[in-house]
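Everything below concerns the one structure shown next.
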Amino acid sequence: LANSIKEQGGEAVAIKTDMGSEEEITTAVEKVLSSWGQVDVLVNNAGVMYLGPIDGASTSEWKKMVEVNLLGLMYATHKVLPSMIEKRSGHIINVSSVSGRVTSNRSAVYSATKFGVGAFSEGLRQEVFKNNIRVTIIEPGAVLTELSDHVTHNESREKLKSWVAGMEALSSDDIANSI
191 LANSIKEQGG EAVAIKTDMG SEEEITTAVE KVLSSWGQVD VLVNNAGVMY
241 LGPIDGASTS EWKKMVEVNL LGLMYATHKV LPSMIEKRSG HIINVSSVSG
291 RVTSNRSAVY SATKFGVGAF SEGLRQEVFK NNIRVTIIEP GAVLTELSDH
341 VTHNESREKL KSWVAGMEAL SSDDIANSI
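And the structure:
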């Protein structure tokens, strides 16, 4: 993506970052701020999805979902917010999921992270509107990405793929265009 932006005359930098690591997020934001001095728009779009029953689940998968889907988004927001508040301008876009509104069988923990994104976004919006900072949450349904490949519980993965095959799912371009 960064190369595509540069080829079209824009400026961009790609920084590989583990979105479950506060330290890596801090380093990435510091690099951006040292290059451009500010962040005008933050799009929090990282996510992992491990579906399956609670009974017998891998709690390490739960931890990874909380770290990436919720804490990573919160860390990134926390790190860019001071520059937005200082210039009294900015837009934070949090990409969540319809699973942040309704949950289903075998998606309790994933949904919990997405409900958390919704709560965080709403609370943040109430805090920062006075600084002319906008907060948007996007909650799409099925999107054709590699997300379903994360599901390690075989039955849940097959049910998800079957469910998505029976509909016209969104593409990642659909989400990008909405932003």
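According to my numbering, the sequence shown is numbered sequentially starting from 191. All C-beta atoms in this analysis are idealised placements derived from N, C-alpha and C, irrespective of residue type, glycine included.
Could you please give the first and the last residue of the uninterrupted alpha helix (DSSP H) stretch that includes residue i?
i	result
Thr-326	Segment 323 to 328 is the beta strand (DSSP E) holding Thr-326; no alpha helix (DSSP H) there.
Gly-280	Not the alpha helix (DSSP H): Gly-280 falls in the beta strand (DSSP E), residues 280 to 285.
Asn-193	192 to 197
Val-299	298 to 318
Leu-241	Note, Leu-241: premise wrong, no alpha helix (DSSP H); not H, not E.
Glu-358	Run containing Glu-358: none; DSSP gives neither H nor E here.
Val-219	212 to 226
Lys-206	Neither: Lys-206 is in no alpha helix (DSSP H) and is coded neither H nor E.
Leu-273	First, the residue type needs correcting, since residue 273 is Ser and not Leu in the sequence shown. That run of the alpha helix (DSSP H) goes 263 to 277.
Glu-251	249 to 255
Leaving aside the five residues before and after residue i along the sequence, list all residues of the same chain whose C-beta is less than 8 angstroms from its C-beta, in chain order.
i	result
Leu-261	Gly-210 and Glu-212
What separation, rounded to the nearest whole angstrom, lies between the Cα atoms of residue i and residue j?
i	j	result
Val-229	Ser-294	36 angstroms
Ser-250	Thr-207	20 angstroms
Val-299	Val-231	28 angstroms
Gly-313	Glu-197	38 angstroms
Val-318	Thr-326	12 angstroms
Ile-323	Trp-252	31 angstroms
Gly-290	Ala-309	9 angstroms
Gly-200	Tyr-240	36 angstroms
Asn-321	Ser-311	15 angstroms
Ala-192	Leu-223	17 angstroms
Ile-195	Val-233	16 angstroms
Met-274	Val-307	20 angstroms
Ser-297	Lys-349	12 angstroms
Val-258	Gly-280	23 angstroms
Can you name, in chain order, every residue of its own chain whose Cβ lies under 7 angstroms from the Cβ of residue i, other than the five neighbours on each side?
i	result
Asn-235	Val-285
Ala-218	Ile-205 and Thr-207
Need the endpoints of the beta strand (DSSP E) that residue i sits in, please.
i	result
Val-231	231 to 234
- Message: Whether or not the stretch 262 to 272 and the stretch 243 to 250 are in contact is what I'm after, with contact meaning three or more pairs of Cβ atoms, one per stretch, closer than 8 angstroms; do they touch?
- Response: no
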